[in-house]
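Okay, so here's the structure we're looking at.
Numbering (UniProt numbering), first residue to last: 1 to 527.
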């Protein structure tokens, strides 16, 4: 209930001090809201609390990470307490959100289960505007409502502020007594929406409340954005250059500086990754054997890398190509063919769809060498060359067990592709020597072709055999594989965006002007 009249005063904003904890480079804050929760109370509405669990990589055990406050008597809670998580693009970070309603009258530990939802941190971050809404499940035959998660990258501001507010002559809202006012603070987001960041205590039966002083991190209040002005650009000059003006006016170009823009700024703005999967099946008797009990090396590598990248692809459709095979019905040799057999639509639904197309192709094509990389690189480069605005970034995943037979052409293709929005991941499977693939990686010597050097390093190579767990536990080893091959992608992505002067876009529901950093909600009263 709003109280629009009255006066509001702020006592002190001068007490800034560093936070004690050291803040890592990339932390993400998750804000949780729910809508239309189940009503499990008899005489009132539920009193929900949200509990977040994270899953360990080694043994897949769920452990409680944290919990929000309890909000009384509501089916549409907006929780004030945030979950702050370390974010790693190259890792699959599984999350579970449980909604419960404590029953203190029965037992301190008793609670009604309201529903739950499973996702990954990458899915939340990779959603449009870093906002994801999902249905709650867990109670058969019941509509458990929805959960809304909003992710925001936290700035490195380590200051806190001590604030105190008071009101004077507020509006009287209660029939028999005075109002019971409290304040709610909302932080603005770049898309024009607001996220709750603090709620004061309720001061009973008064029109002249004095709320308790409270300390809040500046990054929680406004994410370190003190002024919220829009940055336009900058230019540099010198006195000598100024003095050389031959007319009344001298013109300089104002350049946009995006050095401080982060990887997550682009993801939040709608940039998506397009993953193209390619396999070179040249040794069917060993590496491609399809055991009913475990995945082969190709399938393990596809799943380890693909499950992470798909969180950042909005439609989850992946073109999957094969190279090095004789195709039916005439036995034509191809170094660029769709694994699903459909040249008009080579897209597969999710990584499971890619794996299914891979298995089916093994039954229909005749595996055949030599190993040519350049056709599939050029294939992806043709599509990448059409994207100029940074809305899409292509990742080509090549899984191969053979020695490269077109090394000169491959190097030329990579040099050409280095100026395009794309990166290349190569996973070498089998016992072969991979010296040529190591050369393509370019970590020590930048790759060149015909006297031209690659504009940037876009290739990452790893040998699959370095990640084989001799005990047969592939969960941890494949997590290490994915971490190593994907670790360079954010930097490669940022290098391209910065070199082209492409800044992050606002999400589709952004407003025409940026709102202030912090909104103090109109005074509310508890009845």
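C-beta atoms are modelled at their ideal positions from N, C-alpha and C, and glycine is treated no differently.
A quick note: this is a predicted structure, and the numbers were derived from the prediction, not measured.
Secondary structure at residue 54: strand, using DSSP grouped into helix, strand and coil. Taking the Cα of residue 305 as reference, the smallest distance to any Cα among 424, 185, 444, 44 is reached at 424. Residues 490 of the same chain have their beta carbon placed closer than 6 Å to that of residue 89, with the five preceding and five following residues left out of the count.
In the structure shown, residue 455 adopts coil according to DSSP, grouped into three states. In the three-state DSSP reduction, residue 93 falls in the coil class, being neither helix nor strand. Rounded to whole angstroms, the Cβ separation of residue 54 and residue 95 is 6 Å, and the two are in contact under 8 Å. Taking the Cα positions, residue 69 is about 28 Å away from residue 177. For residue 168, the enclosing beta strand (DSSP E) stretches over residues 165–168. Separation of residue 486 and residue 363 (C-alpha to C-alpha, rounded to the nearest whole angstrom) is 31 Å.
In the displayed model, residue 470 falls within coil according to three-state DSSP, outside both helix and strand.
In terms of CA proximity to residue 443, 456 leads the group 431, 456, 345, 450.
Between residue 272 and residue 394, the CB-CB gap reaches or exceeds 8 Å.
The region 306–321 makes no contact with the region 160–172, as fewer than three CB pairs between them are under 8 Å.
Residue 84 is positioned such that its CB atom lies no closer than 8 Å to that of residue 48.
Between residue 373 and residue 398 the beta-carbon gap is near 7 Å, inside 8 Å, which marks them as a contact.
Residue 339 and residue 186 have their alpha carbons spaced roughly 50 Å apart. Looking at 210, 56, 356, 328, the one whose alpha-carbon comes closest to that of residue 91 is 56. Ranked by Cα distance from residue 32, the first of 61, 76, 218 is 76. Comparing alpha carbon positions, the residue from 328, 81, 318, 352 closest to residue 197 is 81. Just measuring C-alpha positions, the residue of 496, 454, 152 sitting nearest residue 413 is 454. Taking residue 449 as reference, the option from 409, 422, 51 with the minimal CA-CA separation is 409. Burial state of residue 328 is exposed, judged by a 10 Å Cβ sphere holding fewer than 16 other Cβ atoms. Comparing alpha carbon positions, the residue from 370, 498, 111 closest to residue 333 is 370.
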